[in-house]
Structure formats: structure tokens, C-alpha cells
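Chains as they are written, first to last, in full-length UniProt numbering: chain S, 1 to 258; chain L, 1 to 258.
Yeah, the Cβ is synthetic: ideal placement off N, Cα and C, and Gly gets one too.
Here the structure comes first, spelled out in C-alpha cells, and everything after it is commentary.
There are 2 protein chains.
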Amino acid sequence: MTEMLASARHQRILDALREREQVRVTSLAAELGVSEMTVRRDLNTLAARGALVKVHGGATLDAAPTSNEPGFVHKLALESGEKQAIAQTAAGLVRPGMSIALNSGTTTYALAAQCTGIKDLTVVTNSPRIAEVFYAAANPSQNIILTGGIRTISDALVGPLSLSALGQLHVDLLFLGVHGMTAEDGFTTPNMLEAQTNQAFIKAAAQQIIVADHTKWGVTGLCQIVPLGQVDALISGHRLDPEAQNILRQSLDSLILA
Amino acid sequence: MTEMLASARHQRILDALREREQVRVTSLAAELGVSEMTVRRDLNTLAARGALVKVHGGATLDAAPTSNEPGFVHKLALESGEKQAIAQTAAGLVRPGMSIALNSGTTTYALAAQCTGIKDLTVVTNSPRIAEVFYAAANPSQNIILTGGIRTISDALVGPLSLSALGQLHVDLLFLGVHGMTAEDGFTTPNMLEAQTNQAFIKAAAQQIIVADHTKWGVTGLCQIVPLGQVDALISGHRLDPEAQNILRQSLDSLILA
DNA sequence: TGTGTTCCGATAGAATGTGATCGGAATTGT
DNA sequence: ACAATTCCGATCACATTCTATCGGAACACA
């Protein structure tokens, strides 16, 4: 049996994680044929890179989609039905001449793809990947602004530069993708820096619209972005829990089911 | 066993990589009938060219091959000889722990590919493509900062956001790619906004180093970035016109020919 | 023939990866 | 609340790999 390269081992850990959601140090050590100490070290480096979250006894996937893995596109395709419907509904609100903002996420990514044809559109985003969608379309009447910053694993530019950039800008409409929403904790994300940047997005927009599929309900990320009631609208799918719909209708001006 | 040309060896390494996803130095040395040292050298040159990513013990395919447009890479490959030499010389000036800045351009792109392995490096750039090079390498000790702004056709983020971002930053070393240089007009670029951003780069750096191959001499772009004498050094190729060398030596503290 | 130049192999020392051990922290069971 | 168990991080020893040089062989060019 030929030895395995450290990077290959990292890859297999991530693969196992995507498949099982949870991995244990002991089982990984057995599967990979290395000591537990080595597995711990691997988990540490992967966690430092933000590719997973360590828990006692093993590791789990971060709720954030890892954009540079094949999983990004794949995950997009997986739930494509609902996400595409949400993106389509959201795109229907965008009129030529508007300025909009999109944060990083798979739903906003899908939305971006539907906006490339709209004329005289100004787009502000902190996702290089979303910016790339517009660059590739090369619509000369569109104005694409990328905020600066440091990139997180989920392809979002965050940090002081993104905040100061967003502080200088004002857009008509914000579409904000989130990682979780509950009645108590509002809209949340697992990354503190992303939460901060998303708050700056909210400040920079005249109107805020959350886009989130039904799986986000009941999920709480590490960090609150904003309470439920302090945004203008939410666009979700029709599979959203009926009780959640009631709660959301009471807090929000507008709940739209795609 | 018949000897093999270096380029043929490179080809076989890439073939093996495509087939196996991973190769290790020891097995390659055995297969190709050369020493491990030679394999390492091959992997280094291929990694500098962006054809693969080195990992401990071997190499793997780049995770994000889609990010490289054929046109861009092709242009890079065209003049690869001199540009690679310049990039290599420039990379020799970068030490672990430094903070450096790179503007957008093919020469700085080549330089970026050579810096992905340097530890504790902070990199400021206005080129999403250069940022992507570092993202792909995923060196956890490196800190990659992307300025914001609007993207030009040459993949540079420019405009007010880039200026305000660079106004907040200070780096040890700037490597600035330019489009033209002459005795009268200094360093120039065809794009006014890029010129402005490049000036901000210069202000943000303790030391400024221009990187430009010999074809840039005698070319004047629309807009001056800075006169010849107001930067610290120029790195160019040995094919640079001798008369140009004289003029440059008089204006600059340091002229380095790769 | 002499002189570079380029490519390759060898070596040494530095850096990194790995496994074992142990004290202490976290978790679980009662 | 307490003990048993499991898990974690720090540290050491050892193995592997990497980088930086050095010197030699092959080749080109006067």
C-alpha cells in the first residue's frame, strides 16, 4: 500500500465530510491508515483554512458553502429548483436603471445570473465570483462594483476595506443571502466578519430584501446580522414551514413565496 | 535508456498528473529515470508557470482551472522567457513576513505565481485574477487583500473605491507593471483610471519597483503614472536597449536586469 | 583549446510531517 | 457531585522532504 500525500488526505477528509456531515477522529484515523494525532493536525489546518469546523471528537461542515470546491456549483444545482425560483422572483423586482447590491452566497449567485441582461444596472457585490458572472456577460451598459477586502472561504470579501467601501455607496435595492433565520435570533451567518459586512450592506441600501430557501428556517449561525423585523422583505420558497410563514408575516412588511 | 529532453519530461509529468490527480517526487524520479532534485526543479518551473500546484511530497492539479482564460495564459506564455526571468528576480526580493503590493498585469501575474509559497506574506492587489492565484494556493499563513473598485478590461480594479482602499494601506514593497516607459514621459499606461490607481499604489509603498520587459521601452501610453526618477528600482530583461540602460541608470537608484 | 552556459546529480542543513507519550480538559454515566 | 472515560494539545524523537549550494558533464561559440 503506497503512502498517501498529506494534501490527498485533506481532500478525502473533506469528501467524507460532505458525504456524512460529521466525521470522527477515530474513524478517520482507521480509514486513512494514519494515527489520530495526524488526523487532529489535519483537522486543525483545515479548520484554520475555514474548510470545516472542529467539534469535540471530530469535525462538521461549516454551514457556509465552500465556493472553491466542486461543492459550490453542485450544491447550487442540488437545490436548483427552489433557489432558481427565488432568484427568478427576485430578478423580477429589478428594473433597468436601478442600482442593486448582492452579498456572497449561492442564492444571490443564481440571482446574478438572471440579471446580466438588464440594462443600465449598477451592481455592488463583495463576491468575486458574482462579479465574474457580470464580467463574463460583458454588458456594456452595466456598472459592476466590487468591494475590497479579505476573502473568506465562502467567497466573500470582508473586513475594514469592505466596510469603508460600502460606507461610500448607496443602492436602491439589496438582496441579502443568509445562512439561517429564526424568530428569536433573526437572520444569522456563521462568520463574524461576514455578519459585519452584511450589516454594512443593509445600511447602504434604501430597501433590503432577504433571499433564503426554506431550509434556512430554524437554523442559527454564530452571529446575528439583523433581527427579523428590520428588513423590508423576504423571498423564500413555497415549501417554507407554515408556522414560519405566520411568524414572518407578522414581523415583515412583505413575505414573498416563489 | 535513452535520455530525455527537459521539455519532454515536463510533458510526461503533466500527463501523469492528469491521469492520477496526484504525483509524488519519489515515484516521478523513478519513472523518469532522473534524480529527485531534477524532478523538484521541474515541478518548480511548472508551478511558476501555473500548470500545477506543489504540495509537500509532490504536486497536484490546480483546483480552479476555469479561472484562467485561454487568452490571458496564452499572452503570458508568448513572452514567457523574459517575463518569467523578471518575475523570478523580483520574487527573490520578497522575504517571509513582508507585505507587498501587485498591480494588474501579466508580469505581476507571473510574479504572483512565484510568491504563493512564501510564508507570512501579505499581498495587496487590485487584480481579481492575481488574488485568485493566491486563493488557489490556499497558503494559510498568507493574507490576501483585494482592493475594491470597478474592473477595467485589463482586469484591474480602479476608481474611487480602489483609491480609498489603497489610502488606508501601507506595504513594504510594490511591484508595478507598466505599459510603457520613455525618458521624457516616464512610466505610462493607456488607461487614465489605472494610472490614478497606480499612483495610489506608489504612495502606499515604502519601496517601489517597476517590472517591465524590454518591449516596454520607447512606448508611451496615454497617461503618465510617474516620472522615471521617482521610483526606487526597475527590473527588466537583459535584452533591454543599451542606450535605455544608460538613461535608466542615471535616473534610478537601481536597474536590475534579469 | 579555452570559456561560458546550461543542465543534471550529490550533499548538507533546514524545514516539515509523523507517531508516541503524557498531563490536563471535556464529556458521559451514575 | 463525582468518577470513569474519552478526547485534546504540547512536546520529543524520528523520518521524510525541501532548499541552497557545489561540482561535473555536455554543448556552443569563438
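Around the Cβ of A64(S), are there at least 16 other Cβ atoms within 10 angstroms (buried) or fewer (exposed)?
Here the model assigns A64(S) a pLDDT of 41, short of 50, so the residue's position is not dependable and the matter cannot be decided.
On the three-state DSSP scale, how would you describe G167(S)?
helix
Output the distance between the C-alpha atoms of L157(L) and D15(S), rounded to the nearest integer angstrom.
35 Å
Starting from L161(L), find everything on chain S with Cβ-Cβ shorter than 9 Å and list it in chain order.
Correct list: I145, L146, T147, G148, L161, S164, A165, Q168, L169.
Do the CB positions of T147(L) and S127(L) come within less than 7 Å of each other?
Their beta carbons are not under 7 Å apart, which means T147(L) does not touch S127(L) by this criterion.
Any C-beta of chain S sitting closer than 7 Å to the C-beta of T60(L)?
Closer than 7 Å to some Cβ of chain S, the Cβ of T60(L) qualifies, so yes.
For Q114(L), is the classification buried or exposed, using 16 other Cβ atoms within 10 angstroms of its Cβ as the cut-off for buried?
buried
Taking the alpha-carbon positions, what's the Q88(L) to Q199(S) distance?
42 Å
Name the DSSP bridge partner or partners of K83(S)?
DSSP lists no partner for K83(S).
May I ask you to verify whether the segment 228-243 of chain L touches the segment 117-137 of chain L, counting CB pairs closer than 8 Å and requiring at least 3?
Counting C-beta pairs closer than 8 Å gives fewer than three between the segment 228-243 of chain L and the segment 117-137 of chain L, which falls short of the contact rule.
Spatial neighbours of T45(L) within its chain, please: C-beta separation below 7 Å, excluding the five flanking residues on both sides.
none
From the DSSP output, in three-state form, read off K54(L) for me.
strand
What does the Cβ neighbour count give for M181(S), buried or exposed, with the cut at 16 atoms within 10 Å?
buried
By the 7 Å beta-carbon criterion, what residues does the UniProt domain "HTH deoR-type" (6-61) of chain L contribute toward chain S?
Going along the UniProt domain "HTH deoR-type" (6-61) of chain L in chain order, one finds Q22, R24, V55, H56, G57, G58, T60 with a Cβ nearer than 7 Å to chain S.
Mind checking G97(S): buried by the 16 CB within 10 Å criterion, or exposed?
It is exposed - the Cβ of G97(S) has fewer than 16 other Cβ atoms within 10 Å.
Are the C-beta of P96(L) and some C-beta of chain S separated by less than 7 Å?
Interface annotation, P96(L): not in contact with chain S, CB-CB separation never under 7 Å.
Select from V55(S), E184(S), L176(S) the residue whose C-alpha is nearest the C-alpha of K203(S).
L176(S)
Would D172(S) and A131(S) be called neighbours here (beta carbons separated by less than 7 Å)?
Against a cut-off of 7 Å, the Cβ pair of A131(S) and D172(S) comes out as no contact.
Determine the burial state of I144(S): buried for a count of at least 16 other Cβ atoms within 10 Å of its Cβ, exposed for fewer.
buried
What number of angstroms, rounded off, separates the C-alpha of A90(S) from the C-alpha of D185(S)?
Here the alpha carbons of D185(S) and A90(S) stand approximately 24 Å from one another.
Could you list which residues in chain L have their beta carbon closer than 8 Å to that of L157(S), in chain order?
L146, G148
Would you call L28(S) buried or exposed, if buried means 16 or more other Cβ atoms sit within 10 Å of its Cβ?
buried
Could you pull the DSSP bridge partners for F175(L) from this structure?
L102(L), I209(L)
Residues in the segment 109-142 of chain S with C-beta within 8 Å of chain L's C-beta atoms, listed in sequence order?
P128, A131, E132, Y135
Could you pull out every residue in the same chain whose Cβ sits closer than 6 Å to the Cβ of L174(L), ignoring the five residues on either side in sequence?
A101, F201, A205, Q208
Under 8 Å between beta-carbons, which chain S residues line up against R151(L)? List them in chain order, please.
A131, Y135, I144, L146
Could you pull out every unbroken alpha helix (DSSP H) segment of at least 4 residues lying fully inside the segment 186-234 of chain L, listed in chain order?
192-204
Do you know offhand how far V94(L)'s Cα is from S251(S)'s?
Taking the straight line joining both Cα atoms gives about 55 Å.
List the whole-angstrom C-beta distance separating G50(S) from V25(S), where the pair is believed to meet the contact cut-off of C-beta under 8 Å.
At roughly 19 Å, the Cβ-Cβ gap does not stay under 8 Å, so G50(S) and V25(S) are not in contact.
Along the chain, where does the beta strand (DSSP E) that runs through M181(S) open and close?
180-182
What did DSSP end up calling P70(L) once you bin it into helix, strand or coil?
Confidence is the limiting factor: at P70(L) the pLDDT is only 41, short of 50, which leaves the residue's position unreliable, though a coordinate-based value still follows. Three-state result, P70(L): helix.
Using three-state DSSP, classify N139(L) as helix, strand or coil.
Secondary structure at N139(L): coil, using DSSP grouped into helix, strand and coil.
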